[in-house]
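Quick notes on the structure that follows.
Protein chains: 2
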Amino acid sequence: MDERQNSSPTAAILVIGDEILSGRTQDTNTNYIARFLGALGIDLSEARVVPDVQEEIVAALNALRARYTYVFTTGGIGPTHDDITADAVAAAFGVGIDYHPEALALLGARYKPGEFNEMRKRMTRIPDGASLVKNSVSTAPGFQIENVFVMAGVPMIMRAMLEEIAPRLARGAPVHSATVEARIAEGRIAASLARIQEGHKNVALGSYPFYREDGSGVQLVVRGSDEAEIAAVAGEIEAAVRAEGIEPARIYL
Amino acid sequence: MDERQNSSPTAAILVIGDEILSGRTQDTNTNYIARFLGALGIDLSEARVVPDVQEEIVAALNALRARYTYVFTTGGIGPTHDDITADAVAAAFGVGIDYHPEALALLGARYKPGEFNEMRKRMTRIPDGASLVKNSVSTAPGFQIENVFVMAGVPMIMRAMLEEIAPRLARGAPVHSATVEARIAEGRIAASLARIQEGHKNVALGSYPFYREDGSGVQLVVRGSDEAEIAAVAGEIEAAVRAEGIEPARIYL
Chain A
10 MDERQNSSPT
20 AAILVIGDEI
30 LSGRTQDTNT
40 NYIARFLGAL
50 GIDLSEARVV
60 PDVQEEIVAA
70 LNALRARYTY
80 VFTTGGIGPT
90 HDDITADAVA
100 AAFGVGIDYH
110 PEALALLGAR
120 YKPGEFNEMR
130 KRMTRIPDGA
140 SLVKNSVSTA
150 PGFQIENVFV
160 MAGVPMIMRA
170 MLEEIAPRLA
180 RGAPVHSATV
190 EARIAEGRIA
200 ASLARIQEGH
210 KNVALGSYPF
220 YREDGSGVQL
230 VVRGSDEAEI
240 AAVAGEIEAA
250 VRAEGIEPAR
260 IYL
Chain B
10 MDERQNSSPT
20 AAILVIGDEI
30 LSGRTQDTNT
40 NYIARFLGAL
50 GIDLSEARVV
60 PDVQEEIVAA
70 LNALRARYTY
80 VFTTGGIGPT
90 HDDITADAVA
100 AAFGVGIDYH
110 PEALALLGAR
120 YKPGEFNEMR
130 KRMTRIPDGA
140 SLVKNSVSTA
150 PGFQIENVFV
160 MAGVPMIMRA
170 MLEEIAPRLA
180 RGAPVHSATV
190 EARIAEGRIA
200 ASLARIQEGH
210 KNVALGSYPF
220 YREDGSGVQL
230 VVRGSDEAEI
240 AAVAGEIEAA
250 VRAEGIEPAR
260 IYL
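Line by line, the protein sequences are chains A and B.
Under the working numbering, the first residue of the first sequence carries the number 10, and numbering increases by one thereafter.
Under the working numbering, the first residue of the second sequence carries the number 10, and numbering increases by one thereafter.
So this is what it looks like as structure tokens:
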């Protein structure tokens, strides 16, 4: 139904992390990247989480990079034995991997003599043909190879890298949205919503029930690139809610 | 490295939701399910997020259900036009879909006469051959078809459904973990960690740096099914940290 997306760049996220799959860590990077890309008019079309296993990373990365304009990976680029992302990306592209002179210089300048040990040097191993993505937080860089951006998993570092990456990205029409919230069961207005969606194929109309301590209801979200149409659709939704005797609220998230 | 997993059931999560990919909603279901399955000794091996598009759901579901012992889906089983999960699951299995007598009875008893409208009846459309998963929160059921469990996206409802599902699941060896936290740069102990991991192939040893207001450091996590080996490995890690002149803390998450 979301036909505007055909002309926008697309993206996928590949989260590399045993700690996400074990439940030890709540992933927040996907949500941050999703919002960041939305503001640039890039449609996040898929996200995957895979374990720290090379063949899993390779298979997922190759599936995603063939299909979407961009792939953003998070995790696995530190100095420890479980950081295998750079090797996996090199394997996925079928290229070699070696110590990168610029990365060596960056990290060499950061550490005192004797502290730049072999494990830390692992962080300068970059697949052949990749360009660095600077890390303003902790120096060890990410990298870009073709349409794949390899970032750290630590949120603070990932966010800094995303800022470095942004100027390299093609942009689409920014996505706008309006949300109508109503203290109504979604089953009471579902037929109206279906009719409204049918009449406006350039926007995506989503219905999200909520249950809060102060009561339940539904958030009706209109998303698209045409702000005037979004406002018109939000108006139609409000009218449909009022027709059920409920006063809605329009909120902006 | 995680060889214990070979004998445990495996699982994948398929999150169906435009609202996750747009960044509007932070997914918390994956983390909850991951922890829930870990306690049952079921290895969560992969997670994917796909949009509310039938062919995307079908393709992802068929890939995952062929590969893992179980697949858990969340989202898209409400009464509105954007709730297309049941139809997509039926399409993935190549079976029909129809109003399910037991689901009709459950929801028919919930609503007052005249309130059980056509859109609400959509929630009783269940793929042929599926069994219901009760919903103790809001009645409208999820369902199981072969190794696939279809749950609501609203976290409160999803959690209730997971409790209903638990007795149907095969269990593996529960996963245990110990965490050693140290105010040390991970690059200083990376070589020791690699050596310890090399000596204990039945546990998974992960290194997760943190940056907090009161300082930075690393959490070193040992995971496995043998509690004695986990304790021994945690002891080796503590010794390696102390060898660097830092006093570690063992914490339990």
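Glycine included, C-beta positions come from ideal geometry on N, C-alpha and C.
A quick note: this is a predicted structure, and the numbers were derived from the prediction, not measured.
- DSSP places ALA139(A) in the coil class of the three-state scheme, outside both helix and strand.
- Between LEU70(B) and LEU53(A), the CB-CB gap reaches or exceeds 8 angstroms.
- Straight-line measurement puts the Cα of ALA179(A) at about 19 angstroms from the Cα of GLY151(A).
- Close to ALA191(B), with beta-carbon spacing below 8 angstroms, lies no residue of chain A; the smallest spacing is near 13 angstroms.
- Contacts with chain B at 8 angstroms (Cβ-Cβ) include ASP91(A).
- Ranked by Cα distance from ILE193(B), the first of ASN211(B), ARG33(B) and LEU202(B) is LEU202(B).
- With distances taken between CA atoms, TYR220(A) lies nearest to GLN228(A) out of ARG134(A), GLN228(A) and ASN144(A).
- Under DSSP, GLU55(A) shares a beta bridge with ALA21(A).
- Counting other Cβ atoms within 10 Å of its Cβ, THR89(B) reaches 16 or more and is therefore classed as buried.
- Exposed is the label assigned to SER16(B), since fewer than 16 other Cβ atoms lie within 10 Å of its Cβ.
- With distances taken between CA atoms, ARG134(A) lies nearest to LEU116(A) out of GLY123(A), GLU124(A) and LEU116(A).
- The segment 111 to 126 of chain A makes contact with the segment 140 to 156 of chain A, as at least three CB pairs between them are under 8 angstroms.
- In the three-state reduction of the DSSP assignment, GLY84(B) falls in the coil class.
- Under the DSSP assignment, PRO150(A) falls in the beta strand (DSSP E) whose first and last residues are 148 to 154.
- Under DSSP, ILE106(A) forms a beta bridge with PRO136(A).
- DSSP, reduced to helix, strand and coil, places LEU73(A) within a helical segment of the structure shown.
- Straight through space, the alpha carbons of ALA191(A) and GLU256(A) are spaced by roughly 7 angstroms.
- Here DSSP, grouped into helix, strand and coil, assigns THR94(A) to helix.
- Taking a Cβ-Cβ threshold of 7 angstroms, the residues of chain A close to PRO60(B) are SER54, in chain order.
- Put simply, of ALA243(A), PRO60(A), VAL157(A) and LEU23(A) the residue whose alpha carbon is nearest the alpha carbon of VAL230(A) is ALA243(A).
- When 7 angstroms is used as the limit between beta carbons, ALA213(A) is near these residues of chain B: ASP27, in chain order.
- If you ignore the 5 residues before and after GLU247(A), its C-beta comes within less than 6 angstroms of the C-beta of VAL189 and PRO257, all in its own chain and listed in chain order.
- The closest CA to that of SER216(B), considering only SER186(B), GLU111(B), GLN35(B) and GLY181(B), is found on SER186(B).
- Identification of chain A residues near ALA75(B) by a Cβ-Cβ cut-off of 8 angstroms yields none; the smallest Cβ-Cβ distance measures about 14 angstroms.
- From the beta-carbon of ASN71(A), no residue of chain B is found nearer than 9 angstroms; the closest lies around 14 angstroms away.
- Between VAL184(A) and PRO136(A), the CB-CB gap reaches or exceeds 8 angstroms.
- The beta carbon of SER145(B) sits closer than 6 angstroms to those of ALA169, all from its chain and outside the five residues before and after it, given in chain order.
- According to DSSP, residue pairing for GLN228(A) in a beta bridge involves GLU190(A) and TYR217(A).
- For ILE255(B), there is no enclosing alpha helix (DSSP H), since its DSSP letter is neither H nor E.
- Shortest Cα-Cα distance from ASP91(A) to any of GLY254(B), GLY196(B) and ALA249(B) involves GLY196(B).
- For ARG129(A), the closest of VAL142(A), TYR108(A) and SER140(A) by C-alpha to C-alpha distance is TYR108(A).
- Fully enclosed beta strand (DSSP E) runs of no fewer than 3 residues occupy 106 to 108 of the segment 106 to 130 of chain A, in order along the chain.
- At a cut-off of 8 angstroms between beta carbons, SER216(A) contacts chain B.
- At least one C-beta of chain A is nearer than 8 angstroms to the C-beta of ARG129(B).
- Residues of chain A with a Cβ closer than 9 angstroms to the Cβ of MET165(B) are, in chain order, TYR220.
- Where VAL163(B) is concerned, there is no enclosing beta strand (DSSP E), because DSSP gives it neither an H nor an E.
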